[in-house]
Amino acid sequence: MHRQRRDDRRTWQRIASSRSARRSANLRRSTDRQSDAQSQKRVSRSSSREASQVSVGLPPKKALGQHFLHDPKVLARIAALAAPVDGSGLVEIGPGTGNLTAHLVERYDSRHMLVIERDRRMPEVLRERFGDQMPALVEADAVRVDYRALFQEYELGPQPVVVGNLPYNAGVPIVFAALAGAPRRCVVMLQKEVAQRIVARPGSSSYGQLSVKLQMLADTRMAFKVGRGAFRPPPKVMSAVVVLQPLAELRYSVPDQARLWRLLEGGFGQRRKTLARALGNTLKFDRQRVQQTLEAIGHDHRARAEVLDLQSWANLANALQPHWPQERA
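Per the numbering used here, residue 10 is the first one in the sequence shown, and the count goes up by one each step.
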């Protein structure tokens, strides 16, 4: 009986010792996880400081619409969306102090990268920051660049990716200029309101000539929205990242793209009026002919511009092509 009690005590001691060991192991694992989390936070804070320390002392130029993006999470997401494929290169528009450039250089080969910068202060900043990893640089206005020629000159492959935090006051013209170069895709930061217009669907308040034009030229989607706090200085409006995948040709065939563009500008230029009245006022079309054409393509003769989808706009342009008003010399 005494021997049994001693055996019981030894058993309980082993159990207690085992439980204590497990508690110690769990405590160590918990401590390790906390340490890893704290380490990740320190890395994140360090990356944030590194991404923004250059821009802190360099005042943005209001005339150029500059807002320096410094949030490392946003920068990383944009860089991931910009991944080039098939050995093609990468073109960054408006690198500024290089916050996005740093993420791109970290992920991709800087020898196949090109940056376009208009601000004359920035090339020296960028060269000092990146040293041997500095991408090729072109000092130019991104609106006026011939992108197709630039892609060839710098041997960036058949379809490089275009990426950039675009200035609010020139973002749309830059997008059109870049798409004319036939890149693989464009990943661009724009004012949220502009981004919403680019991806808008017929019938919505955001749907307009910009929606139709860009959706005729490319597949468009809004990747994610970006708060004001991600920038220095914070802008007055929200931003969003848009991805545009250019099409090989216009989504719906028309005999004259320039005339389609003019129809869109005339129709949406007076969007509160019926399309027949708007095109009569702006382009001098015969209103009755426009009404008849609208009915022929399946719309009410009193339709307004925002109810026509892309195919309807192409159908309207095709039907009105022989009936354009006499243009003044």
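Cβ coordinates follow ideal geometry from the N, Cα and C atoms, glycine included. Only a predicted model underlies this, so the values are computations on that prediction, with no experimental measurement involved.
- The stretch 77-89 makes contact with the stretch 229-248: 3 or more CB pairs, one atom from each, lie closer than 8 Å.
- Residue pairing by DSSP places Thr302 in no beta bridge whatsoever.
- The residue among Ala305, Thr302 and Ala287 with its C-alpha nearest the C-alpha of Glu315 is Ala287.
- In this structure, Ile125 sits away from Leu175, with a CB-CB distance that is not shorter than 8 Å.
- Taking the C-beta atoms as reference points, Ala204 is found no nearer than 8 Å to Val154.
- Residues of the same chain with their beta carbon placed closer than 6 Å to that of Arg271 are lacking, with the five preceding and five following residues left out of the count.
- Taking C-beta separations shorter than 7 Å and ignoring five residues to either side along the sequence, the partners of Leu84 in its chain run Ala60, Leu78, Asn108, Leu109 and His112, following chain order.
- DSSP places Phe160 inside the alpha helix (DSSP H), whose first and last residues are Tyr156 to Glu162.
- Rounded to the nearest whole angstrom, the CA to CA distance from Leu319 to Ala257 is 17 Å.
- No residue range can be given for Lys245, since it is assigned to no alpha helix (DSSP H) and is classified by DSSP as neither H nor E.
- Residues Val152 of the same chain have their beta carbon placed closer than 7 Å to that of Pro182, with the five preceding and five following residues left out of the count.
- Put simply, the backbone Cα of Val208 is about 8 Å away from that of Gln224.
- In terms of CA proximity to Asp95, Pro192 leads the group Pro192, Glu148 and Lys282.
- If you look at Ala227, you'll find it in the beta strand (DSSP E) that goes Ala227 to Val235.
- Each of Ala328, Pro93, Gly212 and Arg241 was checked against the Cα of Arg268, and the nearest Cα belongs to Ala328.
- Beta-carbon to beta-carbon, Leu123 and Tyr177 are separated by about 23 Å, too far to satisfy the 8 Å threshold.
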